[in-house]
Every structure is written in structure tokens, then in C-alpha cells.
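Let me begin by presenting the structure, written as C-alpha cells, before commenting on it.
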Amino acid sequence: MTFTPRPHLAFLILLCSSHLASSIRRPTDNDTPLAAYLVTVHRPDGLLPVDEPEALEQWHTFLLGQVCNTSDPATKDRFPTAESRLIYSYSHVVSGFSAWLTAPEVEHMARLPWFVEAIPDKSYKLMSVHDDHVPTPPELHWLESVRDGVWSKGNMGEGIIIGVLDAGIAADHLPAIPDDHDMPSPPAKWKGGCDHSEACNNKLIGLRTFVDTSRALGAAMFIGNGVDTFMQHHLTSVLGVEYDKAFDVAPKAHLAIYRVCNEECHPAAVNAGMVAAVDDGVDVVSMSVSTKEKAMFHEDDVAVPSYRAVARGVLVCAPAGSIGPDMLRVESNAPWLLTVAASDTDRRVVTNVELGNGILKPDVSAPGVDTLADPHGDVEYTDVQVKAATSMAAAHVSGVVALIKKAHHEWSPAAIKSAFVTTADPAGPDDALPGNATATSYFVTGAGEVNPVKAMDPGLVYDLGASDFIPYLCGMRLGENKISKIVELMANTSCAETGEISAKDLNYPSIMVAMDEKVQQVEAKRTVTNVGEEPVEEYHVEVTVQGVDVAVNPSKLAFSEIGQKREFVVTVRRQASTPAKAVIEGELKWVSEKHAVRSPMVVVVGETAATSAGLSYGDDIASINS
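Throughout the sequence shown, residue numbering follows mature numbering (1 follows the signal peptide of the UniProt record, and there is no 0), covering -23 to -1, 1 to 603 in sequence.
Below you can see the structure in the form of C-alpha cells.
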């Protein structure tokens, strides 16, 4: 459905004054009937968000004027006009606005033709340090491999802009990110700004806040849990431990910091930060935000704006979550996100596995323990803390993304993610884990730890465009209204026209299939694209899985040019010895003389395998990794 404005609308819009809050203003009275809502609306024909953002903002103010009761004695003093109710107007990442509304006003709004949905404000977690522990000297081999093997190919990330959505760095540490006076100027595509000019330079080119500064920790200005993993610190003493040097992952990449959290993160600020990052021209986004509860994609205020970013070619790196010892629950599980776990974390205990949406998550792991970062709040004796969290890992990976993006500017977000997954180094065994679960479980580490050198030249990639996720969403049976909320910018969101696929057939770099008691075999389809440095290359398949039979057709793939695509089908069959209930892990590799393109493979067997979302098991993990 598309709402077409009435002929006199343009005149009415011209009467509205422009408004965009720079931070959320919260009512201070406990008895106020107002609450913050994220409102999704049908976009009117003829009003382009990129070309006319101010007109779109005025349009949202006009819509509010149709429902706001500005004469209510309980609210009129503080919010005398509809304009004063507007918190944010979103130009394209989300079609809609956030505003202060009463419950009756929302009920009235729901009856109007332009209305899609109104979601009450809720808080998210800032993925941060999970434990105060005595640090040990970090292993710098991973970053050294970046320096030695990838910097030259990726030109140290020159001209690439990393956007960080996070909570902050203390105001008294500004300027916190030096450019050493040898940083190139920002690229011409950069359209952003700096709220604190004294803090910005050619390294830190953007600094904006989207939260109520009066509610900040100590009223200080914060930027980023994970921001400073990109920084260089020379001979810094951290609680008595000296580090010679922490290598900057992408030394010539630029940083743009968007503060979207205080103690908690709220959808209005997160969405506004993502809108700004995409508008400003960032190439990759590193997020440290995660929802507290399970949510379907259309209700996930991280997944929805991230999809819109990916649709515009911006890869979003998100943390898998540091949840605790009794449940491995992977957060940020939308398939268009690059979900990163922390390697060497002390929270690897697995007693249950939650398998949601039919997609294997996390995607990969990266160093996330004993990471140098700037502290939030008061820390004695040091200006630098050692942190441990998956947000640290996501920050590391976004730096490697910058290097790959520089070397392969034509690669899509999905192609870059595929390069990480298929070249990751499998983790080693850990006998400390309970039952037959191991640290090599893909549900703990993803495909393994990111290998920056191999990811620069993966040989083959499993590519996906933004529109390729629509048949997958249709296969989840969300309904077209809910799907439209996620993919609003895409022209064709009709499931009747796009068709539907199950999760197993989404062209993802990992493979997960489910077999209930009535199913003897199942097939999964994939397409690979040749991105090798040499156009002519031949591959043969190698499969390592125990407990089921796996056949791949064809078993050999030949390529004669860059960009050439080849399809194959994976067939999984039960054996007589296949367990009645199990989660079986293995791998599928396409091997040539130069490359080994490795896909993690998971077969879910048992009574709950029939459902494509919300699958859960106990300790039944059989793992094989060679």
C-alpha cells in the first residue's frame, strides 16, 4: 500500500516549520501520560527521502498534527505543539519518525491510512565489558598478521570510513584519537560533521551525539565501547602491564563516531545514528548494541535499520553477545549482519544451544579479550583499560573490513562476509567444556577466528544482494506487511512475485539443515562466485561430517573468468546409525591448488527440527573439524 497525499498537502507542509531533535528530550514528570514511540508510516508518493529530507521531516510533523492533543493540560506546558513532540524524523533507513505520544493518540493514529506500526520505546544493552579481571599481556600475532600480510593490499584502509555506533569516550580524554599528522584528508564522499571540532582531525572525522546529554554518565560526552581498539597506544602502562604497541588494524581508515547510548540504548537514537552514518557516507558500521529479548526481525530495532544500511552497500558488524554460562544465545542473528563472537573469551560454557531463524550464527570470531580501549567513567592509575567483550571483536573485524573494502571496492557486504566465513581458522579443542560440547562448536566461535590474510583472497564467495533476503523472509511466513517494514526501500516486496525459500536455501556461506523423524533426506542449494586473482581455477569438493551421508552435485567446479558463477546442491541423508536427536557439525570445502573455501555445516536431527526458528537442544553437540 502507498499513501498518496491530497492535492492541498504541499501547501500544508509549507506551513510547518522544520524540526529535528539533536538528542532525545525526556519528560521529567513521573505522572506524564506521554511515552516515546517509534512510528513506521507509508512513504508518500513523490517525496524522495534523499532529495527532500527537510520536506519529509515537515511531512512527519504534519502527520503528528493530525493526532496530537496539544490542549491536554497534562502535556501542553512542556509540549505545546505537534512539532515539539517530534524526537527524530528518519529519512530513509526507517520510513517514519519517533515522537512523544499518549496511548489514545496512538489508537487514533492506528486508524489513519498512512499508519503502519507504532512500537513503544524500549532499552537495549550496550555490549560492554562482562567481567573485571586482572589482564594478561594480549596476543598480538593476529594484528601482526594484518600488518605484515594485508596492509599493502588494502593500502592500510585509506579512504574507507568506519562508522561506530556506541556509547562513548570520556570528555576529558578529548582529543582521544590522534592522526599522527600523516593521515590523508577525508574522501570527497564524506558528508558528515563534528559536534566537537577540537576532537576531530583526519583520523576522527565525525563526532555526533543522538542521546540526551543530561542523562549521560556523569554528564560526560562518550564515544564508543570499541572505538579505541583502532587507536595506537605506545608504551602504555595498563594496571602495571606494559604493552610495546597495539597495532591499528586499519591505520589510514577514517572513523566517524555516533553516540547512541548512555547507560542504555533506545531505538530512536539507534535508528537516528544509523540514518546519519549512511547519509554521511560510511563504508562499514561497527555496532555495540544488542536487544535484551528475542524478537522477530520486523520487531528488532537493530535488524531493521541494518538491513537498510546493507541495501545501500554498508556492511554492519555486530556483536554476538556476552550472555552468561547457562545459555549460549546468539544475538544480532539477522542474516544480513556480520555477527562476531569473541575468541579466547572466558564465557564459552555451553549447556544449551539456541538455533534461531535457520541461519548459523555467529558468523566468525575475532580477538575480543585483553583488548586495549579507552575507559568509560573513572578508572584510577591509567588512561587505558583492558576490555573483554564481543563488541571488542566486532571492532577488530570492522577494521579488517576496511582493508578488504579498499582492496575490493566492488564486493558487496555479503561477499565480504563470505570471505571472512570461508577462510576463518577453526578453533582448537577445549576439554573444560561440559558433555561433548567443545570450543570448536560453531555456535560458540562461528566458522572460527578471522584470518585477514586469507580473507583478502578467498577464491570463491557466496554472494547475496539485499533483494535476495526477501524470499527468505517470505519463507518465514512473517506476512507482507511485516516484511515491508524491513525492506521498505525495495520496489518488490510481494511474496507472490518473489517466491519463498527456506533458510537452508539462502545463499549463505554456512549450511544448516534440519531433519525431523519423518525426513530421510534434505537438500540445500548454493551458488558460488569466482573472485580469485587468477580467472582460471578448478575446485573439487571435500566433505567431513559424521553421522549422516552427504553428497554434493556436481563434485567439481571449473571457472574460466572472474565473476563467473556456479551452482551446486548438497544432499544430506540419514544413516542407520544417525542419532534420533542431535546437532551434528562438520564442514564442506571447495579445494583448488591455491584456495580452500570452507563452509561450516550443521545438521539438526530430531523432534524439534521441523521448525525453522526457535530450535533448541541440550548438550547434544557432535563436532568434527579438520
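Using N, Cα and C, we set each Cβ at its ideal position, and we do this for glycine too.
- Any idea what DSSP makes of Met304, helix, strand or coil? As a working note, residue 304 is residue 327 in the sequence shown. Because the pLDDT of Met304 is 36, which lies under 50, any placement of that residue in the model is unreliable, and the number read from its coordinates should be weighed accordingly. DSSP places Met304 in coil when its eight states are reduced to three.
- Considering only the beta carbon of each residue, do Thr504 and Glu544 sit closer than 7 Å? Working through the sequence shown from its first residue, we reach residue 504 at position 527. Working through the sequence shown from its first residue, we reach residue 544 at position 567. A distance below 7 Å separates the beta carbons of Thr504 and Glu544.
- Item | Three-way DSSP call (helix, strand, coil) for Val421 in this model | Taking the first residue of the sequence shown as position 1, residue 421 is located at position 444. Three-state DSSP puts Val421 in a helix.
- Message: In this structure, how does DSSP classify Leu33 when only helix, strand and coil are distinguished?
- Response: Position 56 of the sequence shown, counted from the start, is the residue given in the question as residue 33. Correct three-state label for Leu33: helix.
- Residue nearest to Pro486 in terms of C-alpha spacing, selected from Ile336, Ile460 and Glu474: Looking up residue 486 in the sequence shown gives position 509. Considering only alpha carbons, the answer is Ile336.
- Can you give the Cα-Cα distance for Ala253 and Ser395, rounded to whole angstroms? For the purposes of this step, residue 253 is identified with residue 276 of the sequence shown, where counting begins at 1. For the purposes of this step, residue 395 is identified with residue 418 of the sequence shown, where counting begins at 1. The straight-line gap separating the alpha-carbon atoms of Ala253 and Ser395 is approximately 27 Å.
- Message: If distances are taken between C-alpha atoms only, which option among Pro81, Glu500 and Tyr67 comes closest to Ile478?
- Response: Within the sequence shown, the letter at position 501 stands for residue 478. Of the listed residues, the one whose Cα sits closest to Ile478 is Glu500.
- Backbone CA spacing between Val549 and Leu11 [nearest angstrom]: As a first step, residue 549 is located in the sequence shown; it is residue number 572 there, counting from the start. As a first step, residue 11 is located in the sequence shown; it is residue number 34 there, counting from the start. Rounded to whole angstroms, the separation of the alpha carbons of Leu11 and Val549 is 55 Å.
- Message: Mapping the DSSP letters down to three states, classify Gly583 as helix, strand or coil.
- Response: Translated into positions along the sequence shown, residue 583 becomes position 606. In this structure, Gly583 counts as coil in the three-state DSSP scheme.
- Item | Closest by C-alpha distance to Arg575, when choosing among Glu60, Ala553, Glu538 and Val522 | Your numbering for residue 575 matches position 598 in the sequence shown. Checking every option, the nearest Cα to that of Arg575 belongs to Val522.
- Query: Is it right to say Ala401 is buried, meaning 16 or more other beta carbons lie within 10 angstroms of its own, or is it exposed?
  - Reply: The residue given as residue 401 occupies position 424 in the sequence shown. Answer is buried; the Cβ neighbour count reaches 16.
- Query: By how many angstroms is the C-alpha of Lys558 removed from the C-alpha of Thr399?
  - Reply: Within the sequence shown, the letter at position 422 stands for residue 399. Within the sequence shown, the letter at position 581 stands for residue 558. Between the alpha carbons of Thr399 and Lys558 lies a distance of about 28 Å.
- Query: Fully enclosed by the segment 537 to 562, which beta strand (DSSP E) runs are 3 residues long or longer?
  - Reply: Whole beta strand (DSSP E) segments, 3+ residues: 542 to 551.
- May I ask which residues mark the beginning and end of the alpha helix (DSSP H) holding Leu142? Counted from its first residue, the sequence shown places residue 142 at position 165. Leu142: not part of any alpha helix (DSSP H); member of the beta strand (DSSP E) spanning Ile138 to Asp143, first to last residue.
- Message: Assuming the contact rule is C-beta atoms closer than 8 Å, Val66 and Phe74 should be a hit. Round their C-beta distance to whole Å, please.
- Response: Sequence index remark: in the sequence shown, residue 66 carries index 89 (1-based). Sequence index remark: in the sequence shown, residue 74 carries index 97 (1-based). Looking at the sequence itself, residue 66 is Ser, so the reference to Val does not match. Rounded to whole angstroms, the Cβ separation of Ser66 and Phe74 is 5 Å, and the two are in contact under 8 Å.
- Message: For Glu500, would you say it is in contact with chain B, using Cβ-to-Cβ distances shorter than 7 Å as the test?
- Response: Absent here is chain B; the protein component of the structure consists of one chain.
- Query: By the 10 Å Cβ neighbour count, where 16 or more other Cβ atoms means buried, how is Arg88 classified, buried or exposed?
  - Reply: Residue 88 sits at position 111 when you count from the first residue of the sequence shown. With fewer than 16 other Cβ atoms within 10 Å, it is exposed.
- Task: Have a look at Ile447 and Gly131 and give me their C-alpha separation to the nearest angstrom.
- Result: Within the sequence shown, residue 447 is the residue found at index 470, counting from 1. Within the sequence shown, residue 131 is the residue found at index 154, counting from 1. When rounded, the separation of the alpha-carbon atoms in Ile447 and Gly131 is 32 Å.
- Message: Suppose you measure from the CA of Val346 to the CA of Phe397; what does that come to, to the nearest Å?
- Response: For the purposes of this step, residue 346 is taken as residue 369 along the sequence shown, with counting starting at 1. For the purposes of this step, residue 397 is taken as residue 420 along the sequence shown, with counting starting at 1. Confidence in Val346 is poor, its pLDDT being 41 and thus under 50, which makes the residue's placement too unreliable to answer from.
- Message: Rounded to whole angstroms, what is the Cα-Cα separation between Val226 and Gly169?
- Response: Looking up residue 226 in the sequence shown gives position 249. Looking up residue 169 in the sequence shown gives position 192. Looking at the two C-alpha atoms, the distance is approximately 23 Å.
- Task: Find the nearest neighbour of Val341 within the set Glu84, Ile138, Met492 and Asn428, judged by alpha-carbon distance.
- Result: Stepping through the sequence shown from its first residue, residue 341 is reached at position 364. Distances from the CA of Val341 to each of Glu84, Ile138, Met492 and Asn428 were compared; the closest alpha carbon is that of Asn428.
- Message: Please return the same chain residues whose Cβ sits closer than 8 Å to the Cβ of Val529, not counting the five positions on each side in sequence.
- Response: By one-based count along the sequence shown, residue 529 stands at place 552. Here the set comprises Val518, Val520, Phe545, Val546, Val547, Thr548 and Leu565.
- Query: Taking just the CA atoms, how far does Ala392 sit from Met433?
  - Reply: Position 456 of the sequence shown holds residue 433. Position 415 of the sequence shown holds residue 392. For Met433 and Ala392, the distance between alpha carbons rounds to 11 Å.
- Item | Coarse secondary structure for Gly174, derived from DSSP in three states | In the sequence shown, the residue the question calls residue 174 occupies position 197. Contrary to the premise, residue 174 reads as Ser rather than Gly in this sequence. DSSP places Ser174 within a helical segment (H, G or I) once states are collapsed to three.
- Assign Ala535 to buried or exposed, taking buried as 16 or more other Cβ atoms, counted over all protein chains shown, within 10 Å of its Cβ. Position 558 of the sequence shown, counted from the first residue, corresponds to residue 535. That one is exposed.
- Which one or two residues does DSSP pair with Ser342 in a beta bridge? Position 365 of the sequence shown, counting from 1, holds the residue named residue 342. For Ser342, which the question treats as bridged, DSSP gives the partners Ala318 and Glu426.
- Extent of the continuous beta strand (DSSP E) to which Ala76 belongs: In the sequence shown, the residue the question calls residue 76 occupies position 99. The continuous beta strand (DSSP E) containing Ala76 extends over residues Gly73 to Leu78.
- Message: Between Val127 and Leu380, how many whole angstroms is the CB-CB distance? I'm expecting something under 8 Å.
- Response: In the sequence shown, residue 127 corresponds to position 150, counting from 1. In the sequence shown, residue 380 corresponds to position 403, counting from 1. The C-beta distance from Val127 to Leu380 rounds to 5 Å, short enough to meet the 8 Å contact threshold.
- Query: DSSP state of Pro486, grouped into three classes?
  - Reply: Counting from 1 along the sequence shown, the entry for residue 486 is found at position 509. Correct three-state label for Pro486: coil.
- Nearest to Ala246 (by Cα), restricted to the options Ala13, Asn484 and Gly42: Walking along the sequence shown from the start, residue 246 turns up at place 269. When the alpha-carbon of Ala246 is set against those of Ala13, Asn484 and Gly42, the nearest one is in Ala13.
- Query: If you drop the 5 nearest sequence neighbours on each side, which residues of the same chain put their C-beta closer than 6 Å to that of Leu314?
  - Reply: In the sequence shown, residue 314 corresponds to position 337, counting from 1. Same-chain partners within the cutoff: Ser283, Val293 and Ala295.
- Can you tell me whether Pro577 is buried or exposed, with buried defined as 16 or more other CB within 10 angstroms of its CB? Reading the sequence shown from its first residue, position 600 is the one you call residue 577. Flag for Pro577 reads buried.
- So, Ala404 versus Pro339, is the Cβ gap smaller than 7 Å? The residue you call residue 404 lines up with position 427 of the sequence shown. The residue you call residue 339 lines up with position 362 of the sequence shown. No, the Cβ-Cβ distance between Ala404 and Pro339 is not below 7 Å.
- Query: What does a CB cutoff of less than 6 Å around Gly583 pick up in its chain, not counting 5 residues either side in sequence?
  - Reply: By 1-based counting over the sequence shown, the position of residue 583 is 606. Within the same chain, Gly583 has close Cβ partners Lys558.
- Task: Just confirm the distance between the C-beta atoms of Asn179 and Pro164, as a whole number of angstroms; I'd bet it's less than 8 Å.
- Result: As a position in the sequence shown, residue 179 is number 202, starting the count at 1. As a position in the sequence shown, residue 164 is number 187, starting the count at 1. Actually they do not touch by this definition, with Cβ atoms about 11 Å apart.
- Query: Helix, strand or coil for Asp597 per DSSP?
  - Reply: One-based indexing of the sequence shown puts residue 597 at position 620. In this prediction, Asp597 has a pLDDT of 36, which is less than 50 and means its spatial position is unreliable; what the coordinates show is noted afterwards. Three-state result, Asp597: coil.
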